[in-house]
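Notes follow the structure.
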Amino acid sequence: MTDEKLDQILKQALAPEICDTETKVQRRRKGNMKKFNKIGKGIAAAMAVAIIGVGGLGYFNPVLAAKIPLIGRIFEKIENDVKYSGDYTDKSSILTNEDSEGNLDTSEYSVSDKGITLTASEIYCDGYSIFFTVNIEAEDADFTHIPKHYTGKHVTDNSTASGFYINGNWSAEGNSWNQLENTFDGEVIDAHTFAGMLKVDFAEKFEGSGELSLNVNGLGYDDDRMLDSEDISASHWTDGSWDLVLPFEVNETDVKTIEVGETRGNVTLNDVVVSPYQVIVHTTTPGEQRELTDDRREKLLSKNPDLTDAEMYEILGWSYEPCYTIVFNQDGEILYPDMETAGRAGFAVQGKEIKNLHIFIFDNMDDCTQMEDEGLSSSIVDKAVIAAEICAE
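When the letters of the sequence shown are read in order and numbered with the working numbering, they come out as residues 6 to 398.
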């Protein structure tokens, strides 16, 4: 039986159990997530959307896992189910080296601490974000109880992935340090092995090649056996030091920037970037007329790493008017949103065909939520500050 067939059978078998578990976890996490200061607010909320436990179902077949060549092929293993899904075969670069006999040499991109080995596998950069895969091995761990969460906009998308928490910072080409996202998607291979993908975003478009520096100081994961406890967030957490430097080069294949320059009221839709795995909407609002520099941002985050842009503007006494952006393709399919920050809203393509984009920018979150629920034909569409149709071909 193939991996894909086994995954399909198990997803169908587990589907009825998702809703009950989701309700239990979401209700508890809403009140307790803030207690765990290593987990970012937005990321923790996303992880709580839907979770299923698969530990005791015989899913992790050690014989099957042994046949999977992981290092150098993690994208191939997980690319159908992670949030930023898609075919990375011809886009990513393999970081590992082979010797004259074809053996993989991972020493340059592998680091160990506290009994956990973190190995970088592949990397891709579209000029706006870096996507890279990692393999985590821990002899004393039992990853088979890591729950899964939905990675599609709707439950009917039937895509789920396991999540791993990560804490630390990253920098590219000597730029200021940024906080790593607190979770990444992937798959549990066996009790001691997890393979996943992370994405980091540039503040401005990057060109050419460079090096991505990672300073990871904490790793953790949830346990489906602790769903009845008061706080299950990263119930297995390890502080340590895992530092890596990964070379990357911008791959501009199938990446396009569409200039818009449409202004309505106090909001300007500057441009839209379409890459193989994401759509990015760049905007300007009144609150962004005062630039939140990297140095100032870094100082504020050093005091509280969970601060949002809006909270930083409030601390500084500046005005900040956030946007709430929704994007549909030409078929009315909504694109899965990432966390929206000042001037940038990102969306996962997830294999959807992108010919035209319908972009709606609201200044009211409730209106945005209503349109998400009702779709492209929503009655709330007239309340959008900007409604634009963009040709993306």
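We put the beta carbon where it would ideally sit given N, CA and C, even for glycine.
Remember, it's a predicted structure, so these values are computed and weren't measured experimentally.
C-beta contact flag for residue i and residue j at 8 angstroms
i      : j      : result
LYS96  : THR290 : no
LYS153 : SER176 : no
TYR133 : SER280 : yes
THR198 : ASN140 : yes
GLY120 : GLU84  : no
GLN283 : GLY351 : yes
GLU142 : SER98  : no
SER218 : MET231 : no
VAL286 : THR330 : yes
GLY215 : PHE253 : yes
ASN222 : ASN172 : yes
THR288 : GLY348 : yes
ASP227 : ILE151 : yes
Cβ-based burial, residue i [other Cβ within 10 Å; buried from 16]
i      : result
ASN187 : buried
GLY61  : Residue confidence for GLY61 is low, a pLDDT of 34 falling below 50, so the modelled location carries little weight; the figure read from the coordinates is stated next. By the 10 Å Cβ count, GLY61 comes out exposed.
VAL87  : buried
HIS159 : exposed
LYS82  : buried
SER164 : buried
ARG301 : exposed
LEU321 : exposed
THR162 : The sequence shown places Asp at residue 162, rather than the Thr named in the question. Exposed, because fewer than 16 other Cβ atoms sit within 10 Å of the Cβ of ASP162.
LYS204 : buried
GLU27  : Per-residue confidence for GLU27 stands at a pLDDT of 39, beneath the threshold of 50, marking its modelled position as unreliable; the derived number appears in the next sentence. The residue is buried, with at least 16 neighbouring Cβ atoms inside 10 Å.
SER90  : buried
ASP131 : buried
CYS328 : buried
ILE263 : exposed
ASP343 : buried
ASP336 : exposed
ASN334 : buried
ASP110 : exposed
Straight-line Cα distance separating residue j from residue i
i      : j      : result
PHE365 : VAL386 : 8 angstroms
GLN355 : ARG269 : 30 angstroms
TYR155 : GLY380 : 19 angstroms
PHE207 : VAL332 : 21 angstroms
GLU319 : THR313 : 10 angstroms
PRO393 : MET370 : Residue identity differs from the one stated: residue 393 is Ala in this sequence, not Pro. Rounded to whole angstroms, ALA393 to MET370 spans 18 angstroms at the Cα level.
VAL30  : GLY213 : Any reading at VAL30 needs caution, since the residue's pLDDT is 35, under 50, leaving its predicted position unreliable; the model's value is listed next. About 43 angstroms.
ILE359 : ASN256 : 19 angstroms
GLY406 : TYR341 : Nothing about residue 406 can be reported from this structure: the residues present for the chain run from 6 to 398 only.
SER115 : PHE211 : 26 angstroms
THR243 : PHE169 : 12 angstroms
VAL193 : GLU267 : 45 angstroms
ASN220 : ASP118 : 12 angstroms
PHE137 : MET202 : 6 angstroms
GLN184 : ASP372 : 30 angstroms
ASN271 : GLU345 : 18 angstroms
LEU75  : ASP368 : 45 angstroms
CYS396 : GLY179 : 36 angstroms
GLN375 : LYS304 : 37 angstroms
SER384 : GLU398 : 28 angstroms
ASP147 : ALA125 : 21 angstroms
ASP229 : PHE189 : 17 angstroms
LYS470 : SER382 : With the chain represented from 6 up to 398, any question about residue 470 goes unanswered, as that position is not in the structure.
Rounded Cβ spacing between residue i and residue j (contact assumed at less than 8 angstroms)
i      : j      : result
VAL265 : LEU274 : 5 angstroms
ILE79  : ALA200 : 5 angstroms
GLU338 : LYS357 : 5 angstroms
TRP247 : LEU123 : 4 angstroms
Residue i: CB within 7 angstroms of a non-hydrogen atom of the ligand ADP
i      : result
LEU306 : With respect to the ligand ADP, the structure shown offers nothing to examine, as it has no ligands at all.
Every unbroken beta strand (DSSP E) within the stretch 92 to 162, with a cutoff of 3 residues, ordered by chain: 115 to 118, 121 to 130, 134 to 143 and 153 to 155
Inside the stretch 194 to 236 only - beta strand (DSSP E) runs reaching at least 3 residues: 198 to 206 and 214 to 226
Runs of beta strand (DSSP E) wholly within the stretch 368 to 394 (minimum 3 residues, chain order): none
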